[in-house]
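Report on the following structure.
2 protein chains.
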Amino acid sequence: MTIDKISLNRFSTIPLHKQLSNNIHDQITRGILKPGEILPSVIEMKSLTGVSSVVIRQAYEYLRRAGLVVTQQGKGTFVAESKQSFEFIQKLGSSFEEAKAKREKVTTTVIELKEVFEFNTNIKHKLKLSKNDHIIMITRLRSIRNIKMFFWTSYLPASICKPLLEEDFTKVSLYQVLEEKLNLKILRAERFVEVVKADFQKAEILNIPELEPLFFIESIAYTKDNLPVEYYQGWYDTNYTKFYFEIK
Amino acid sequence: MTIDKISLNRFSTIPLHKQLSNNIHDQITRGILKPGEILPSVIEMKSLTGVSSVVIRQAYEYLRRAGLVVTQQGKGTFVAESKQSFEFIQKLGSSFEEAKAKREKVTTTVIELKEVFEFNTNIKHKLKLSKNDHIIMITRLRSIRNIKMFFWTSYLPASICKPLLEEDFTKVSLYQVLEEKLNLKILRAERFVEVVKADFQKAEILNIPELEPLFFIESIAYTKDNLPVEYYQGWYDTNYTKFYFEIK
DNA sequence: CAGTGGTCTAGACCACTAG
DNA sequence: TAGTGGTCTAGACCACTGA
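Same order as they appear, the protein sequences are chains D and E.
This note's numbering applies: residue 1 is where the first sequence begins, and numbers increase by one.
This note's numbering applies: residue 1001 is where the second sequence begins, and numbers increase by one.
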């Protein structure tokens, strides 16, 4: 146990759980507690500080949310490993190519690839389709070193994109197929970036806690004559993703 | 009280606090509970459900973090107003002009404007300055309808930017002054977008809870001959901000 | 098996809000 | 002053981990 003495002030206006989390926060950022090290168990901490277990849990919960510690049931609570080891920097704005993450192996999983007959009018509107048109839907997940970075769903008009159903998108890119096999060259795209909180399903897919922030990206890609050929929605783990772009 | 009956299953593997928050979550998204409406107080909810107050607090805490409810001490917990009423859409990538938020009045506050003598080597490095160079530092806060949207700090080399100390940046833009008074035209900029969690100070400034996600933007702006003239760091409330840009 | 975290209870006291 | 949320306690039981 390398943790420093913790002194709490019962007469302070600062709640005990906050005093405790601040204290541990300091010890982590100062390097007194090092990545991978185990924190005192709730019971140990109880005897170290004299406060009840609920308060200790509250402090640990705060540190978890701040990303400073990681808890494993039955094992303990540990100082988080710093994940500065790699970032996934995506280039926006100048090309459709994503910058490779420092020579790491990037893998793509196809979660779903299908034609749908009826669908959300919002999506049809973005693709300038009418009520009875069919849509091709592709959901993919991209990982690096087994860490799930982001997943996204592309929607394309079935009328001109049906051959996509035969492709293996673990190996080829969508834009490559569109250009080489369907003669649809993407000339322009509009994109929106915002932040949303992970609901249960998205948290499952990316293997993160519920309510963690995600980048939410929407894009509409156009070919010649301003014809929209792809609308996508993507969700990115904000712990690893950073966007880069250049202006003018 | 318009809340529907809440039934919890004591034998389920799903924790009671989760069952409760899921139930209320549903009632809010289905419109049974409407924005502005008050939720049962902890004591009322205790008699409605039979669970202890800690569990109810836990459920309410989850709903707060999800942005579905707002709690005011001494008053109660209320369904959050949907803030779709306005968004602040910033245009990236094609110009330095920010898109005006749907005709709302935008105000700028200058938090700090000063010359600093010694400073962070990281910032000097980005501005290609040497150890003894001075820096001009400007921190501004931008609000719409009294809602704090974002704040940012610009760093500029004092050697060429000293006259900035005399300007009133509540009324004029930095780039305007750089171009018109100092003959420094910005030709190019590099920008990074990531997400960080608000620490105590940033949460104070933007009037949001600690650990809420923020857009963190870094930018280096260059004039001719690739000379960096401004480095800035900005923090944006993700509840109201959305970035837009166009490609190719 | 012992040690860990996760869930839950019943009840106490305090701080804030509003009539 | 009554009602609200915020803090805290002591103790119980369960689920998971690893020796």
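Built from N, CA and C at the ideal position, the CB exists for glycine as well.
In this text the structure is predicted, and so the values were computed from the model without any measurement.
Assigned secondary structure, S1219 of chain E (DSSP; H/G/I helix, E/B strand, else coil): strand
Which residues DSSP lists as bridging F1078 of chain E, in chain order: E:I1038 and E:V1070
Cβ separation of I208 of chain D and D237 of chain D, assumed to be a contact under 8 Å, to the nearest whole Å: 6 Å
Closer than 8 Å to chain E by CB, A59 of chain D: no
Near the ligand FMN: A59 of chain D beta-carbon under 7 Å from a heavy atom: The ligand FMN is absent from the structure shown, which contains no ligand whatsoever.
Extent of the continuous beta strand (DSSP E) run through I24 of chain D: No beta strand (DSSP E) holds I24 of chain D; the alpha helix (DSSP H) holding it covers L16 to T29.
Where A189 of chain D falls: helix, strand or coil (DSSP): strand
Residue nearest to D1168 of chain E in terms of C-alpha spacing, selected from E:N1120, E:I1147, E:K1124 and E:T1108: E:T1108
Helix, strand or coil at V172 of chain D [DSSP, three-state]: coil
Cα-Cα separation, F1119 of chain E to V1229 of chain E: 16 Å
Rounded separation between Q1019 of chain E and E1061 of chain E - CA only: 13 Å
Contact residues within the segment 181–192 of chain D, judged by C-beta distance below 7 Å to chain E: L187, R188, A189, E190, R191 and F192
Short CB-CB distance (under 8 Å) between V1195 of chain E and chain D: yes
Sequence-distant residues of the same chain with beta carbon closer than 8 Å to L1214 of chain E, five excluded per side: V1195, V1196, K1197, A1198, K1202, L1206, W1235, Y1236, D1237 and T1238
Start and end residues, beta strand (DSSP E) containing T1139 of chain E: I1135 to I1144
Inter-stretch contact at 8 Å, needing at least 3 Cβ pairs: the segment 1142–1159 of chain E / the segment 1112–1132 of chain E: yes
Classification of E1276 of chain E by the beta-carbon crowding that lies within 10 angstroms, buried from 16 upward: Here chain E covers residues 1001 to 1248 and nothing more, so residue 1276 of chain E does not appear.
Amino acids of chain E, ordered along the chain, whose beta-carbon sits closer than 8 Å to that of L211 of chain D: Y1062, R1065 and A1066
Contact list for the segment 221–247 of chain D against chain E, Cβ threshold 8 Å: T238, T241, K242, F243, Y244, F245, E246 and I247
Residue-chain proximity (F1151 of chain E, chain D), Cβ-Cβ < 8 Å: no
Listed by chain order, chain D residues near F1215 of chain E by CB distance under 8 Å: V195
Close Cβ partners of K34 of chain D (< 7 Å) along its chain, the five nearest in sequence each way excluded: V79
DSSP beta-bridge partners of Q1090 of chain E: E:F1243
Where the alpha helix (DSSP H) through E1121 of chain E begins and ends: Checking the displayed sequence, the identity of residue 1121 of chain E turns out to be Thr instead of Glu. T1121 to K1126 is the span of the alpha helix (DSSP H), which, as asked, contains T1121 of chain E.
Cβ-based neighbour list, E1179 of chain E, same chain, cut-off 7 Å, excluding 5 preceding and 5 following: K1185
C-beta contact flag for I1056 of chain E and K1046 of chain E at 8 Å: yes
CB-CB length for Q1058 of chain E against H1017 of chain E, believed under 8 Å: 4 Å
Beta-ladder partner(s) of D237 of chain D, from DSSP: D:L214
For L1156 of chain E, the three-state DSSP class (helix, strand or coil): strand
Continuous alpha helix (DSSP H) stretch holding L206 of chain D: start and end: F200 to L206
Exposure of S1021 of chain E, with buried meaning 16 or more beta-carbon neighbours within 10 Å: buried
G1076 of chain E versus E:K1105, E:V1042 and E:V1051, residue with shortest Cα-Cα distance: E:V1042
Simplified DSSP state of I1056 of chain E, which is helix, strand or coil: helix
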